[in-house]
Amino acid sequence: MLNNEILQLPKIDLHCHLDGSLPLKSICELLKRDVKAHQLQAGEHCGNLAEYLEKFELPLSCMQTKEGIKKASRDFLLETAKEQIRYIEVRFAPLLSVNETLNCRDVIEAALTGLKEAKAACGVHYNVIVCAMRHHTQKQNLEMLKISREFLGCGVCAADLAGNEAAFPMKHYTELFEQAKRWGMPFTIHAGECGSVENVITAVECGAARIGHGIALRGNREAIGLCRERGIGIEMCPISNMQTKAIDDKTNYPIREFMNAGLCVTINTDNRTVSNTTITKELEFIQRNYGIQDDEIRLLMRNAVSAAFAEDSVKEELWKELQR
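If you count by my numbering, then the sequence shown holds residues 453 to 776, one letter each, in order.
As structure tokens, this is what we get:
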């Protein structure tokens, strides 16, 4: 159990998916029917990432109208405030909510409206990361990024690439992110979750400021050195990584290796509902299993501020709160 000082520590979450983090109560209200927790949660017996991703079907069905997206975003941010989260970067794929009544711009605007309303009530700072999806075409993803760029600095802070990494390696998306770079759009990329260190290296060389998960860096001194030299943020999500089988055994989780190597490690939730987790649970998990000390937890939070795609004024506020 974390001591009270760490429980009260201002917390930052840089890798959290909106659709995988809708509160159960909100899903029941939006679907107007009873939904059980086990229908949304992956659990420890989840077989792999593909099986994990199946849990997103129900929450995504809640995000097919403006009101649904707005409520989902609002309820999500209000929920995070309960555990001292002071800044969160929430990511989602706008194209997964586009339909005959909603275009990409409508979807982004609805999400930002819900988040803005929630911030007024709870004070949690936020930014949105828009996800290109690996199974979408280059044309679809490019058009989504083009529209999202209109909101850059006005609620949207960066782009991402998500989906089934094993089936769609990073080498197919370099052109997409080269264009994002030309547009001045920062990006993080899901890479190294499914065992391919090549995906991590390609993402870094393409210009990613951060890597989502990055587990495949384990034991690779050259790739770790590349990430350290370029100051790449590593968005680790321990409980999710156990469920997706990003590692074969809990004892092989590389958080200690990465921290000792001087990487900019951050701890995140990935999917609060699907993984049945919170930042507090993640910190308890790494302290219990990997001997992460209180001062190292503070370091992880400082790393998150450094790696965040936040405005300077927000970062300054977070620095001050962490120093109290």
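C-beta: ideal position from N, C-alpha, C; glycine also.
The beta strand (DSSP E) runs of length 3 or more contained entirely in the region 553 to 637 are, from start to end of the chain, 577 to 585, 608 to 614.
Here the alpha carbons of C514 and L483 stand approximately 6 Å from one another.
Here K477 is exposed, its C-beta having fewer than 16 other C-beta atoms within 10 Å. In the three-state DSSP reduction, K697 falls in the coil class, being neither helix nor strand. Short of 6 Å from the beta carbon of E541, and not among the five residues preceding or following it, lie these beta carbons of its own chain, in chain order: L466, N579, I581. The C-beta separation of M585 from L547 comes to about 6 Å, placing the pair in contact by the 8 Å criterion. Residue nearest to N712 within the set V726, I676, G659 is I676 (criterion: CA-CA distance). Of R557, N500, E569, the smallest CA-CA separation from A698 is found for N500. When the five nearest sequence neighbours on each side are left out, the beta carbons in the same chain lying within less than 7 Å of the beta carbon of T654 are those of M622, K623, T626, in order along the chain. Listed as beta-bridge partners of A643 by DSSP are H665. The three-state reading of DSSP puts Y504 in helix, counting H, G and I together. Assignment of L735 by DSSP, reduced to helix, strand and coil, places it in the helix class. Between V652 and A661, the C-beta gap is not smaller than 8 Å, which leaves the two residues out of contact. Taken atom to atom, the span from the alpha-carbon of T721 to that of C480 is near 22 Å. The closest CA to that of A494, considering only S692, D558, C609, is found on S692. In terms of CA proximity to L669, P706 leads the group D471, E768, P706. Counting along the chain, D722 sits inside no alpha helix (DSSP H), nor does DSSP assign it H or E at all. By the criterion of a C-beta distance shorter than 6 Å, V487 is surrounded in its chain by I479, C480, once the five residues flanking it on both sides are discounted.
By the Cβ rule, the region 457 to 466 counts as touching the region 748 to 762, because three or more pairs are nearer than 8 Å. Between I560 and S525, the C-beta gap is not smaller than 8 Å, which leaves the two residues out of contact. In this structure, the straight-line span from the alpha carbon of H587 to that of F620 is close to 7 Å. The DSSP-derived three-state label of N728 is coil. For the pair of segments examined, the region 738 to 752 was found not to touch the region 548 to 567: the number of CB pairs separated by less than 8 Å stays below three.
When the Cα atoms are used, G659 and I684 turn out to be separated by approximately 10 Å. A straight line joining the alpha-carbon of F603 with that of E457 spans about 37 Å.
Between the beta-carbon of C574 and that of A632 there is about 31 Å, and that puts the pair past the 8 Å contact cut. Secondary structure note for M688: its beta strand (DSSP E) is the uninterrupted segment 685 to 688. Looking at C716, V656, L735, W635, the one whose alpha-carbon comes closest to that of E687 is C716. With contacts defined as CB atoms closer than 8 Å, E535 and I738 fail to qualify as a contacting pair. Scanning its chain for C-beta atoms nearer than 6 Å, with the 5 sequence neighbours on each side dropped, one finds around L567 the residues S525, L529, Y578, in chain order. With distances taken between CA atoms, V649 lies nearest to N672 out of F544, N672, F761, L459. If you draw a straight line from the Cα of H490 to the Cα of E681, it is about 42 Å long.
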